[in-house]
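Per the numbering used here, residue 1219 is the first one in the sequence shown, and the count goes up by one each step.
Inspection log for the structure reproduced underneath, given as structure tokens.
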Amino acid sequence: MANNNPEQPEENQSFGVSGEERQVPGAEPPVLYDQPTMPEAAVVKVDQSAEVHDQPTQPQAPLAGLGAQDEGTINATAGRPVIAVRDLTKTYRLGRGTYVRALRGVSLEVYPGEFVAVMGPSGSGKSTFMNLIGCLDRPTSGEYWLGGRLVSKLSNDELASIRNRMIGFVFQGFNLLGRADALHNVALPMVYAGLPRREREIRARKMLQLVGLGSRLHHKPSELSGGQQQRVAIARALVNGPSLLLADEPTGNLDSRTSVEIMAVLQALNDQGLTIVLVTHEPDIAAYARRQVGFRDGRLVRDEPVAEPRSAQEEWKALVNARATESGVQIKEEPE
Ligand code: ADP
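Quick look at the structure:
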């Protein structure tokens, strides 16, 4: 998938969080350079009054969390899926008379606040599907409703505009600017939107605090661990207040310990209402999601809830404590 270019945020949008940095009890900086910090649980207010336009008929959503509107608020349009696809197909033309049917009629709904892992073997259509729901490409046939709006037939410019307002992307390779520090990497999407510098910095700082990097604002990517770089990328993906986070193998370049760290951040964001769709080929990573869908030969062949998702936050705390014990560092419980 392409990079998430910095673009115009929707007015007054920001992912609704307190922005307070909170460390896992007992974790102190010298031991934990890539410190385990979890986003503060935000107050989630559900806005039931939001108007619904162009909406397909959908069953009621059990979950809340679509689209942050105001600071400190995660705004949910209850009852409306973030993503609704109907009989989506994508056929690539390779040459004269040669076609690849990458998607063969996929129907799926993702509701606000869901955390969905998209799985399947190589060539099964995962990337094609993510490109479509990320508004990076258009289907050959079928419908795609994003946030209640039919987007499958929009022009490229309209797609780009919707994409930049509604979707945050996180990739395996972080895609950070090497010469810019964390703060500027995160602020970049707002530069092009013409936001005043102070506003950009305030928001970028808040997002970095949210992902536990409040003390690394001026570190460049090369001065950050892999996990920290991915957290910067997550902060950047959130800075325009998207309704949906699409993560394409976000732990693919990370060791297992750091993968837990990143999954802990994603789970904490999801706990606050952020809708996440994550592509992974690793069952261990998919086990952190609340729902798993499986592709094979361009078709959706599996769609089931995860009865007991793994808790990355618990696992991360255990890893941190084990590490601290090994190094003989005394753990001090911090008051909640
Ligand atoms: P996955 O992400 O599960 O590995 P993809 O969506 O990348 O699967 O690919 C699904 C099928 O579509 C594969 O057969 C692949 O070769 C084909 N495909 C993907 N992208 C293109 C493209 N741009 N042009 C032609 N064929 C493609």
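Using N, Cα and C, we set each Cβ at its ideal position, and we do this for glycine too.
All values reported here derive from a predicted model rather than from experimental measurement.
For residue i, three-class secondary structure by DSSP
i            : result
residue 1302 : strand
residue 1493 : strand
residue 1232 : Any reading at residue 1232 needs caution, since the residue's pLDDT is 31, under 50, leaving its predicted position unreliable; the model's value is listed next. Residue state, collapsed to three classes: coil.
residue 1268 : Because the pLDDT at residue 1268 is just 33, under 50, the model does not fix this residue reliably, and the point stays unresolved.
residue 1371 : coil
residue 1527 : coil
residue 1312 : strand
residue 1478 : helix
residue 1320 : strand
residue 1307 : strand
residue 1334 : strand
residue 1540 : helix
residue 1520 : strand
residue 1483 : helix
residue 1379 : helix
residue 1504 : helix
residue 1551 : Since pLDDT at residue 1551 reaches only 42, below the 50 mark, its modelled position is unreliable, and no value is offered.
residue 1467 : coil
residue 1472 : coil
C-beta neighbour in chain C for residue i, strict 9 Å
i            : result
residue 1528 : The structure shown contains no chain C, having only a single protein chain.
Whole-angstrom C-beta distance between residue j and residue i, which should lie under 8 Å
i            : j            : result
residue 1465 : residue 1496 : 4 Å
residue 1468 : residue 1490 : That belief does not hold up - the Cβ atoms of residue 1468 and residue 1490 are roughly 17 Å apart, past 8 Å.
residue 1527 : residue 1506 : 6 Å
residue 1326 : residue 1487 : Wrong, their Cβ atoms sit about 21 Å apart, outside the cutoff.
residue 1516 : residue 1343 : 4 Å
residue 1401 : residue 1435 : 4 Å
Discussion item. Residues around the ligand ADP, please: the condition is that the C-beta lies closer than 5 Å to some non-hydrogen atom of it.
Written reply: 1310, 1318, 1320, 1340, 1341, 1342, 1343, 1344, 1345 and 1346
Practice prompt. Inspect the CB distances between the region 1351-1369 and the region 1380-1387 and report whether three or more fall short of 8 Å.
Written response: yes
Discussion item. Ignoring anything shorter than 4 residues, give me the alpha helix (DSSP H) runs that lie fully in the region 1386-1449, in order along the chain.
Written reply: 1400-1409 and 1415-1428
Worksheet item: Three or more C-beta pairs closer than 8 Å, one from the region 1325-1337 and one from the region 1385-1401: is that the case here?
Response: no
Worksheet item: Is there contact here, the region 1303-1312 with the region 1476-1490, by at least three beta-carbon pairs under 8 Å?
Response: no
Worksheet item: Just checking, does the region 1442-1459 make contact with the region 1494-1511 on the three C-beta pairs under 8 Å criterion?
Response: no
Item to complete: Return the chain-ordered ranges of every alpha helix (DSSP H) run that is complete within the region 1336-1366 and spans a minimum of 4 residues.
Response: 1344-1351
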